[in-house]
Amino acid sequence: MRLPTWNWRSAISQPQAFVTNLPPQVWTGLFRAACCLAPVVLFLCFFNPYIIDPTKIGWVLEADWGQHVLGWNAYRHCADSFNHQTCLAAPVGNSLMSLDANPPFAFLFKPFSDLLPDQFQYIGPWFAMCVALHFFVAYRLVRPHAPGRWAAFGGAIILSLLPILYYRMRHDTLVAQFLVLWGLHIFINVQSERAKMWHWIALLGFAGLLHPYLLFMIAAIWGGDVLRRFWPAARTFDRKALLDLTWRSAAALMAPIVTMGLAGTYTKGMASGAGGWGYYTAGIDSFFNPVRQDFSNILKATPLNGGQSFEGYQYLGFGLLMLIVTAVVLYLTSPEAKRARDYLKKLWPLALPMLCLALIAISNNAKFFNMQVWNFPLPEQLKGPAAILRASGRMMWPIAYLLILSALVVLYKARPKVIAIMLPLVIAVQAYDIAGFAAAMRKATGLAQSDQVYYLTPSPLWDKLVKASDGVDFYPANIHLNQKLFYEVTWRATSNKLPVNTMYAARENLMQIAHQDAGQDAFKNGDVKPNHLLVFLKQCDAPANLRSRLRMLDGVWILPPDKAMDLPLDKPVWDPIRSEVRFGWLDQGTCMLDQNWSRPDTEGTWSEGPDANVVIPIQHVEFDTPKPRKLELNLKAKSRRPVQVSVMVNDVKVDEIELNPRASEHTITLPASALRKDALKIRFVVIPPEPVATEGGAESSASASSRGGRGQVARKPEPQTAQSLGIKLINIRLSDPDAEPDEDEPAPPVLKTWRPVSTS
Numbered sequence: 006m007r008l009p010t011w012n013w014r015s016a017i018s019q020p021q022a023f024v025t026n027l028p029p030q031v032w033t034g035l036f037r038a039a040c041c042l043a044p045v046v047l048f049l050c051f052f053n054p055y056i057i058d059p060t061k062i063g064w065v066l067e068a069d070w071g072q073h074v075l076g077w078n079a080y081r082h083c084a085d086s087f088n089h090q091t092c093l094a095a096p097v098g099n100s101l102m103s104l105d106a107n108p109p110f111a112f113l114f115k116p117f118s119d120l121l122p123d124q125f126q127y128i129g130p131w132f133a134m135c136v137a138l139h140f141f142v143a144y145r146l147v148r149p150h151a152p153g154r155w156a157a158f159g160g161a162i163i164l165s166l167l168p169i170l171y172y173r174m175r176h177d178t179l180v181a182q183f184l185v186l187w188g189l190h191i192f193i194n195v196q197s198e199r200a201k202m203w204h205w206i207a208l209l210g211f212a213g214l215l216h217p218y219l220l221f222m223i224a225a226i227w228g229g230d231v232l233r234r235f236w237p238a239a240r241t242f243d244r245k246a247l248l249d250l251t252w253r254s255a256a257a258l259m260a261p262i263v264t265m266g267l268a269g270t271y272t273k274g275m276a277s278g279a280g281g282w283g284y285y286t287a288g289i290d291s292f293f294n295p296v297r298q299d300f301s302n303i304l305k306a307t308p309l310n311g312g313q314s315f316e317g318y319q320y321l322g323f324g325l326l327m328l329i330v331t332a333v334v335l336y337l338t339s340p341e342a343k344r345a346r347d348y349l350k351k352l353w354p355l356a357l358p359m360l361c362l363a364l365i366a367i368s369n370n371a372k373f374f375n376m377q378v379w380n381f382p383l384p385e386q387l388k389g390p391a392a393i394l395r396a397s398g399r400m401m402w403p404i405a406y407l408l409i410l411s412a413l414v415v416l417y418k419a420r421p422k423v424i425a426i427m428l429p430l431v432i433a434v435q436a437y438d439i440a441g442f443a444a445a446m447r448k449a450t451g452l453a454q455s456d457q458v459y460y461l462t463p464s465p466l467w468d469k470l471v472k473a474s475d476g477v478d479f480y481p482a483n484i485h486l487n488q489k490l491f492y493e494v495t496w497r498a499t500s501n502k503l504p505v506n507t508m509y510a511a512r513e514n515l516m517q518i519a520h521q522d523a524g525q526d527a528f529k530n531g532d533v534k535p536n537h538l539l540v541f542l543k544q545c546d547a548p549a550n551l552r553s554r555l556r557m558l559d560g561v562w563i564l565p566p567d568k569a570m571d572l573p574l575d576k577p578v579w580d581p582i583r584s585e586v587r588f589g590w591l592d593q594g595t596c597m598l599d600q601n602w603s604r605p606d607t608e609g610t611w612s613e614g615p616d617a618n619v620v621i622p623i624q625h626v627e628f629d630t631p632k633p634r635k636l637e638l639n640l641k642a643k644s645r646r647p648v649q650v651s652v653m654v655n656d657v658k659v660d661e662i663e664l665n666p667r668a669s670e671h672t673i674t675l676p677a678s679a680l681r682k683d684a685l686k687i688r689f690v691v692i693p694p695e696p697v698a699t700e701g702g703a704e705s706s707a708s709a710s711s712r713g714g715r716g717q718v719a720r721k722p723e724p725q726t727a728q729s730l731g732i733k734l735i736n737i738r739l740s741d742p743d744a745e746p747d748e749d750e751p752a753p754p755v756l757k758t759w760r761p762v763s764t765s
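Dropping the structure here:
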């Protein structure tokens, strides 16, 4: 190989001419080097480089990463079938898809389990692969429309600077947004119908194997491609074209149906959807609202609720917004830019699918900068299908990518000088605007720099406890009460092939929930498995027969297995309990309820019938006054229908209150003896109301004879079920009535219901 001879003097005296006269081989080498370097730079801008090390585990044992990596670890050690494991959520278990455990990578690494390190995760390498593929697919997407390879290179960088690509790192499989670009590439650039079909089969099949939300987005683009052929054929009733379209569409549809089954989507007992529709939406302002002020150095952010700020986050960045505005201006004013008309005409079949995606993303609860635009109840027949796409805000992603791509194509048709100025300017402005966002994303993976795995459970005694156990149970069985604690203990359990009684899944398995609830009720009755380690996710009292076995390790309350009772473990020490006890799904009050309560929701907990109890360890409650002599119980609750409720404290009736479907507050004076007990047992007994007559029964002959003309239908009583007589407990506040009110903060108004105290 002969190297070129360089004229260094001319390079110094005439740099522009020197660069222009560089041999084509040099330019090709520089371009290839830039293409290899660009994904690396993009990755380092938004991720900590240490995540590439698959033996770094500590950083993924939190948030949704913990769910995903535990799904892989359980599948690696406890797989009972091709796509299912029985360690997590034992005895039923979970499939790879229900745990978002990245089925393609799980299938790839499972055969090499014996060769892999004991501590192994593939989330970090997956991120690196997604960023690289995103850049290269973006380049393939824009290259046919760009005037040259360097212009296409700039366009690929721009398509890789969309903040939503990196904001989704908490859901690692959703970083595979290169699949959306691939779908646009098939629709716009692939010409042969045969090639299109094989592309769609591969893309839809892989999306079905990876994540249903990505599949839905790509199916929308594929639907536009079907409309592209269907509409002309239907207008002319071209039977041959319609038949050809039908079999090609059927072949493409079969691919995700098969791969979803391979990933475990059709697992028996798994719910089809989950709650949250209308909450996890995209705002109408989502493209230009940074949500957090540190996410943009240029635009002002408007904070949103938790659902919209995460699932509805769609900020494009000021650089990309500038690109879109510039493209519109160029198209309206520049004859050169109008050459993009042919490209834009090709997009018409996508208009309907993109409109549908936008309506799904905004949903029936539309907001603009946190102001309500519309909000209407969803028809009953749509609630089931809507639950499948509860995180509907994600559906804006294909629209965002299509907008940016179209703006780039319009820019590519402009004059070369405009392209040479705008592409670097857009990249520079975008980089400046989202610099704070990039820093926040790098910080999110910052723990990867440390070799530490366990932060809440660092004691080596945990390993001994797990190895001495036949299984690990958690109480309450709600991992969101302390996610990191659950993840750290469960990582040890799955590594030792031990069953765990609960798990957070993308879609619940109803059979497992029944097993889980039965286990919770058994614990409340003092029945536990003696060879299992029981870990409390919140500080909870145990039934009387189990209190002698209670121990504490790293501040965590546990019931050790029988084989580990001789380990040097501390006796549990109560942390003060707040005087206001809430009963939402993340509150400590949920472990003070007996077995007559249903699963809590975000507001509170419904009783499963007309009789239910709450037990509060009153000796460990931290009151506003050091040693109160009197006690008031401030109660907030509601019911499904107007009912009278007897309130009993320590088996003595202290009051009778009236509840209705609207939450109300009540204050009840408690006897002084309540402060001298170890626990405050509060019992709620609903007094069944008189039957309410309704239309529909057969009238008697006597009543018929007493009326002339057209008879009226007699009334029959409504059935009263145990569920209809339940009450919803929201919070309880214990207070000293003689305590001086806080002058700085006035007490909230309370609806007091004073009644004579009965001791019967």
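For what it's worth, this note's numbering labels the leading residue of the sequence shown as 6, then goes sequentially. Note that beta-carbon positions come from the ideal geometry of N, C-alpha and C, so glycine has one too.
message: Can you look up A527 in the DSSP assignment and give me helix, strand or coil?
response: helix
- prompt: So does the stretch 458-477 actually touch the stretch 418-432, counting three or more Cβ pairs closer than 8 Å?
  reply: no
field: Continuous beta strand (DSSP E) stretch holding K686: start and end
entry: L685 to I692
- prompt: What residue from L232, I169 and W187 has the CA that sits closest to L179's CA?
  reply: I169
field: Other residues of its chain near Y417: CB distance less than 7 Å, five sequence neighbours each side excluded
entry: H150, A151, P152, A156 and I424
query: Sorted by chain position, which residues of the same chain lie with C-beta nearer than 7 Å to L675's C-beta, five sequence neighbours on each side aside?
result: L636, E637, L638, V654 and V659
field: Residues near F769 by beta carbon distance below 8 Å, same chain, minus five either side
entry: In the structure as shown, the chain begins at 6 and stops at 765. Residue 769 is therefore absent and cannot be evaluated.
message: Threshold first: 3 residues or longer. Then list the beta strand (DSSP E) segments lying entirely within the stretch 497-584, N to C.
response: 537-541, 556-558 and 561-564
- prompt: Enumerated in chain order, which unbroken segments of the beta strand (DSSP E) with a length of 3 residues or greater are wholly contained in the stretch 335-410?
  reply: 370-373 and 376-380
message: I'd like to know if the stretch 89-108 and the stretch 46-62 are in contact, where contact means that at least 3 CB-CB pairs between them fall below 8 Å.
response: no
Inter-residue spacing [alpha-carbon to alpha-carbon] between P751 and L352: Model confidence at P751 stands at a pLDDT of 49, short of 50, so the residue's coordinates are unreliable and nothing is read from them.
query: Which one of T462, G614 and A510 has the shortest CA to CA distance from V540?
result: T462
- prompt: Nearest to R583 by CA position, among L574, Q593, G589 and K576, is which residue?
  reply: Q593
task: Would you give the residue range spanned by the beta strand (DSSP E) that E670 belongs to?
output: S669 to L675
Which of helix, strand or coil DSSP assigns to D243: coil
- prompt: In the stretch 401-489, which residue ranges form an unbroken beta strand (DSSP E) of at least 3 residues, counting only runs that do not cross its ends?
  reply: 476-480
- request: Helix, strand or coil for R604, going by three-state DSSP, please let me know.
  value: coil
message: Whole angstroms are fine: how far does the CA of Y285 sit from the CA of F373?
response: 14 Å
query: Can you tell me whether P421 is buried or exposed, with buried defined as 16 or more other CB within 10 angstroms of its CB?
result: exposed
- request: State buried or exposed for A482, treating a residue as buried only when at least 16 other CB atoms are found within 10 Å of its CB.
  value: buried
task: Just confirm the distance between the C-beta atoms of D290 and R175, as a whole number of angstroms; I'd bet it's less than 8 Å.
output: Not confirmed; about 22 Å, so no contact.
query: Within this structure, are the beta carbons of M102 and P108 separated by less than 8 Å?
result: yes
message: Please state whether the Cβ-Cβ distance between P581 and T595 is less than 8 Å.
response: no
field: Proximity of C50 and A443 at Cβ, strictly below 8 Å
entry: yes
- request: Let me know the secondary structure DSSP gives N78 once reduced to three states.
  value: helix
Cβ neighbour criterion (16 or more within 10 Å) applied to H1: Examination of residue 1 is not possible in this model, given that the chain is present from 6 through 765 alone.
query: Where R240 and D249 are concerned, what is the direct C-alpha to C-alpha distance, given to the nearest angstrom?
result: 16 Å
task: State the start and end residues of the unbroken beta strand (DSSP E) segment that holds V147.
output: Segment I128 to V147 is the alpha helix (DSSP H) holding V147; no beta strand (DSSP E) there.
message: Just verifying my parser: in three-state terms, what is the DSSP assignment at A611?
response: Ala is not the amino acid found at residue 611; the sequence shown has Trp there. Reduced to three states, the DSSP call for W611 is strand.
- prompt: Going by the CB atoms, is the gap between L410 and L486 shorter than 8 Å?
  reply: no
- prompt: Would F211 pass as a contact of L184 if the rule is Cβ separation under 8 Å?
  reply: yes
For I329, the three-state DSSP class (helix, strand or coil): helix
- prompt: How many Å lie between L335 and P295 at the Cα?
  reply: 26 Å
field: Cut-off 8 Å between Cβ atoms - residues of its own chain near K388, not counting five sequence neighbours on either side
entry: W282
field: Sequence-distant residues of its chain with Cβ nearer than 7 Å to D629 (five each side left out)
entry: S584, S740, D741 and A744
Segment contact, 8 Å Cβ cut-off, at least three pairs: the stretch 187-195 with the stretch 128-147: yes
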